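**Q** Structure incoming, see below.
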Amino acid sequence: MRKLVNSHATEVALLGVMLVIGMVLSLATDRFFTLGNLFDLLNTSAVNIIFAVGLLVVLISGGIDISFAVAASAVQYITALALGWIGGGNWAIGLIIAGSIGILFGMFNAFFIHYFRIISIVVTIATFNIYFGMLMFLTSGVSIYDLPDWLVTPVILFEHQSTDGTWSEITLPTLIMLGCVIATWFLISRTTTGRQIIAFGDNPEGARRFGINIAAMQFIAFGWLGLMSGIAGLVQAHYVQEVVPNALYGRELDVLAAVVLGGARLGGGRGTVLGCVLGVLLISTTQNSLNLMGVSSYAFKMIIGAIILAAITLSNSGIERLLPTLSKKGEAK
Amino acid sequence: MSPQIKRLQSYIGPEMAGPLAALIAVIIIFGFASPRFLSSATFGSVAFQLPELGLLSLAMMLPILTGGLNLAVTFTANIAGLTLAWTLLYFGGADAGPGAFIAGCFLALAVGALSGLIIGIVVAYTKAHPILVSLSMMIFVRGLGEFLTRGGDISGFPAFIQPLGHGSVAGIPIPLLVLCAGVAVWHIVLQKTKLGFNTYMIGSNIEAVRYSGINTRKVVILVYTLSGAMCAVAGIIMLSRFNSVRVGHGESYLLITVLACFLGGVNPFGGFGKVIPVFVALIVLQLLSSGLNLIGANQHLATAVWGILLLSVMVLRWVATHLTFINHKKSQGR
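Chains as they are written, first to last, in UniProt numbering: chain A, 1 to 333; chain B, 1 to 334.
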């Protein structure tokens with residue numbers, strides 16, 4: 001047990017913080033600890049979690065990506081146009097189109113990163129501007145409201161009526177999110193490719209000398225994020241029932257903060273799917289709890305920013321150094 | 001090569017080649033594409049648009065030289081602008097005197113510097129990644145601004161502020177003069193002072209610098225504080241340009257400032273890069289934007305072209321090093 005705690009310090013800390021928030025809130029408000037609220041949390045965080053697990057793979061491989069959110073906007077738009085062009089389609093076709101366009105965007109980044117040896121932050125800042133600029137230029141910022149019926153109809157997978165008559169439901173985004181989370185978990189911790197990505201992120205030169213195909217690692221990592229952002233784009237369109245070109249603009253930095261809060265290291269080689277999901281959920285739980293406590297929504301970002309800043313300061317300055325008794329239990333990292 | 005040229009080259013550095021080539025290419029291409037491009041009107045509009053982006057890029061540049069990043073620049077500028085705005089409103093809004101303005105500017109600089117100071121302290125003492133620290137600072141500062149203004153904008157400033165944003169001295173816009181002063185200060189700090197030398201050294205190898213007895217924490221904190229103060233200058237200029245302050249003004253500049261630094265030859269890992277090439281890169285970006293505007297395209301296309309320009313410069317740099325087989329390890333960073 002102690003070993004588990006020590007090897008997953010970030011995840012345990014996040015879970016602890018969330019439990020504390022949860023307990024305080026379930027005492028302070030009667031709304032927090034209801035099924036409906038928990039399901040709402042999952043439904044609203046679905047898109048961010050899909051982004052987050054995709055970004056996690058790139059961070060583990062030692063790269064960073066700024067462009068995924070605007071790439072998702074572009075995918076959304078193109079998919080909506082393509083679906084209109086083929087006259088409808090269904091979920092499978094939609095996911096295939098969105099996923100493959102997303103992968104293309106990811107591969108585009110990987111191409112420049114690998115073949116021209118440009119570091120990923122430079123490439124993705126460039127592609128961020130290219131994707132967003134082209135999208136806004138070509139669409140003139142016009143939104144699409146005329147989406148196929150299957151895309152805009154909410155799909156309820158599980159519903160439950162509580163004793164006071166309020167409905168709580170799990171919708172399709174949550175299911176897709178679960179699929180993405182499990183697939184990413186499988187990729188990272190159960191496949192050889194996943195281990196190679198971790199090794200590559202930890203030490204690229206060492207990985208190369210081991211005979212790991214560096215090009216494949218770059219393309220798989222960025223392709224995976226592309227796939228995830230494509231799916232997330234489609235799910236977002238489903239969730240808000242419209243395609244707005246700049247709706248996802250600015251999401252990339254929030255997701256990045258959440259993923260790194262979940263223990264992924266900028267620089268590669270470390271990070272878990274659980275931590276990353278908990279990172280996103282912690283932020284949305286905080287937001288949710290502030291909402292329930294009646295705090296003005298204008299204060300959300302301020303408080304969340306302060307929490308992340310405090311979390312980074314505490315986790316990096318080493319809690320064990322601040323609390324000397326803990327240090328006997330070993331390196332809490 | 002004559003000694004003068006050599007001295008000139010050592011003065012502006014090898015980073016100059018890319019931005020200068022881009023500048024010439026842009027002038028030639030748009031000069032042919034549009035007869036109205038090479039006119040004083042174009043350069044006038046560039047001169048007025050350059051300062052906001054330019055000051056923020058300067059603020060971004062120092063942290064990048066140490067191998068970090070300051071993602072809070074735009075919102076730090078906002079919050080500094082808000083500080084000035086509130087000071088002016090406190091002293092009577094449109095009736096506020098020059099004294100209130102000067103006091104407000106000092107307060108704005110202090111607030112900007114404070115924001116940088118906090119980032120610097122956390123980065124220096126916890127060794128957390130600067131991207132992450134400045135990112136959470138950005139979220140915090142944006143939230144603070146939104147909380148205090150409720151998302152609205154603040155206006156109603158005395159008339160004597162407007163020349164700071166729109167006036168010109170001897171045909172040169174005042175904002176541009178402020179930017180040039182900023183460039184000069186940064187150039188002197190980086191090239192002539194101990195702080196500048198240590199900044200480059202930290203970007204190259206922080207451990208080695210620490211072992212050679214330099215207080216790296218102090219340097220890192222100073223660098224981020226200076227960066228925050230430069231954001232405040234940008235905030236003051238933005239206030240006088242728009243004659244109002246709103247959280248989110250210039251938000252879209254955030255990644256463009258990083259782009260401008262990289263385009264100006266600043267090494268993403270830190271340690272290499274000079275101010276003048278960044279300044280030239282900024283001029284290239286604005287000329288491109290104005291040129292595209294002249295031939296009927298809009299700002300969004302310019303954004304895309306900026307991205308393409310950054311990618312092509314990076315690719316060309318790769319091609320150049322591979323064609324000449326010159327070992328450019330230092331400037332390539334990999």
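Heads up, the beta-carbon is just placed ideally off N, CA and C, and yes, glycines get one too.
These numbers come from a predicted model, not from an experiment.
Taking C-alpha atoms, which residue in A/G62, A/L314, A/N109, A/I308 lies nearest to B/G307?
**A** When only C-alpha atoms are compared, the closest one is A/N109.
**Q** Would you verify that the beta carbon of A/G305 is, or is not, closer than 8 Å to some beta carbon of chain B?
**A** Cβ-Cβ to chain B under 8 Å: yes for A/G305.
**Q** Name the chain A residues whose beta carbon is nearer than 7 Å to that of B/T303?
**A** Ordered by position in chain A, the residues that pass the 7 Å Cβ test against B/T303 are N129, F132, G133.
**Q** Are B/L82 and B/G145 close, meaning C-beta to C-beta below 8 Å?
**A** Taking 8 Å as the Cβ cut-off, B/L82 and B/G145 qualify as a contacting pair.
**Q** Give every residue of the same chain whose Cβ lies closer than 6 Å to the Cβ of B/G54, excluding the five residues on either side of it in the sequence, and list them in chain order.
**A** Same-chain partners within the cutoff: L179, L282.
**Q** Excluding the 5 residues flanking B/S240 on each side, which residues of the same chain have their C-beta closer than 7 Å to its C-beta?
**A** Excluding residues within five positions, the ones whose Cβ falls inside 7 Å are I161, Q162, L164, G165.
**Q** Can you round the beta-carbon distance between A/P148 and A/V235 to whole angstroms, since I take them to be within the 8 Å contact cut?
**A** With a Cβ gap of about 15 Å, A/P148 and A/V235 do not count as contacting.
**Q** Bridge partners for A/F158 per DSSP, in chain order?
**A** Paired residues: A/I170.
**Q** Hey, is the segment 111 to 123 of chain A in contact with the segment 282 to 300 of chain B, meaning 3+ C-beta pairs nearer than 8 Å?
**A** Not touching, per the Cβ criterion.
**Q** State the start and end residues of the unbroken alpha helix (DSSP H) segment that holds B/R150.
**A** Careful: B/R150 lies outside any alpha helix (DSSP H) and carries neither H nor E.
**Q** Rounding to the nearest angstrom, what Cα-Cα distance links A/A232 and A/Y249 in this structure?
**A** Rounded to whole angstroms, A/A232 to A/Y249 spans 13 Å at the Cα level.
**Q** Please confirm whether A/T127 and A/S73 have their CB atoms less than 8 Å apart.
**A** Contact flag unset, no.
**Q** CB B/M61 to CB B/V73, shorter than 8 Å?
**A** The answer is no: Cβ separation not under 8 Å.
**Q** Determine the burial state of B/T42: buried for a count of at least 16 other Cβ atoms within 10 Å of its Cβ, exposed for fewer.
**A** Buried is the call here.
**Q** Taking A/I121 as the query, report the chain B residues whose CB atoms sit under 9 Å from its CB, ordered along the chain.
**A** Near A/I121 (Cβ distances below 9 Å), the residues of chain B are L69, I131, V258, F262, P268.
**Q** Short of 6 Å in beta carbon distance, which residues of its chain neighbour A/I118, apart from the five on each side in sequence? Order them along the chain.
**A** Correct list, in chain order: F112.
**Q** Under 8 Å: do the segment 167 to 175 of chain B and the segment 259 to 278 of chain B share three or more Cβ pairs, one atom per stretch?
**A** Counting Cβ pairs under 8 Å, fewer than three are found: no touch.
**Q** Quick one: list the residues of chain A neighbouring B/V169, beta-carbon separation under 7 Å, in chain order.
**A** Chain A residues near B/V169: none, gap ~34 Å exceeds 7 Å.
**Q** Can you find at least 3 beta carbon pairs, one from the segment 238 to 246 of chain A and one from the segment 222 to 229 of chain A, that sit closer than 8 Å?
**A** Because the criterion of three Cβ pairs below 8 Å is not met, the segment 238 to 246 of chain A and the segment 222 to 229 of chain A do not touch.
**Q** So, for B/G31: in the same chain, excluding its five sequence neighbours on each side, which residues have a beta-carbon less than 6 Å away from its beta-carbon?
**A** Counting only Cβ-Cβ distances below 6 Å, and skipping sequence neighbours, we find F37, L38.
**Q** Name the residue from A/L292, A/G263, A/I49, A/I50 whose alpha carbon lies nearest to the alpha carbon of A/S26.
**A** Ranking the options by Cα distance to A/S26, first place goes to A/L292.
**Q** Would a check of beta-carbon distances place A/F158 closer than 8 Å to chain B?
**A** Closer than 8 Å: no.
**Q** Can you tell me the Cβ-Cβ gap for B/L71 and A/L253, rounded? I've got them flagged as a contact below 8 Å.
**A** About 7 Å separates the two Cβ atoms, so the contact holds.
**Q** Let me check you understand the geometry: is the CB of A/L266 closer than 7 Å to at least one non-hydrogen atom of the ligand PLP?
**A** As presented, the structure is devoid of all ligands, the ligand PLP included, so that no description of it is given.
**Q** Mind pulling the chain A residues with CB within less than 7 Å of B/V73?
**A** Within chain A, no residue comes near B/V73; the closest Cβ sits about 13 Å away, beyond 7 Å.
**Q** Confirm, please, whether the CB-CB distance from B/M238 to B/G228 is below 8 Å.
**A** Their beta carbons are not under 8 Å apart, which means B/G228 does not touch B/M238 by this criterion.
**Q** In chain B, which residues lie less than 9 Å from A/Y298 when you measure between Cβ atoms?
**A** Those are G143, E146, F147, L148, T149, R150, G151, listed as they occur along chain B.
**Q** In three-state DSSP terms, what is B/I295?
**A** Looking at B/I295 - three-state DSSP - the assignment turns out to be coil, as it is neither helix nor strand.
**Q** Output the distance between the C-alpha atoms of A/L15 and B/S212, rounded to the nearest integer angstrom.
**A** Their backbone Cα atoms lie some 42 Å apart in a straight line.
**Q** Classify B/V245 as helix, strand or coil using the three-state DSSP reduction.
**A** Of the three classes helix, strand and coil, the one that applies to B/V245 here is strand, per DSSP.
**Q** Report the residue ranges of all alpha helix (DSSP H) runs contained in full by the segment 13 to 93 of chain A; include only those spanning at least 4 residues, in chain order.
**A** Segments of the alpha helix (DSSP H) lying fully in the segment 13 to 93 of chain A: 35 to 60, 68 to 86.
**Q** Closer than 7 Å, Cβ to Cβ, to anything on chain B: give me those residues from the segment 134 to 145 of chain A, in chain order.
**A** Per Cβ criterion, the list reads M134, M136, F137.
**Q** Grab the span of the alpha helix (DSSP H) containing B/N78 for me, first residue to last.
**A** Residues 73 to 90.
**Q** Hey, out of A/G22, A/D40, A/L83, A/M136, whose CA is closest to A/A71's CA?
**A** Checking every option, the nearest Cα to that of A/A71 belongs to A/M136.
**Q** Taking the CB atoms as reference points, tell me whether B/V315 and B/L20 lie closer together than 8 Å.
**A** For B/V315 and B/L20, no; Cβs fall outside 8 Å.
**Q** Run through DSSP, which three-state label would B/S155 get?
**A** Residue state, collapsed to three classes: strand.
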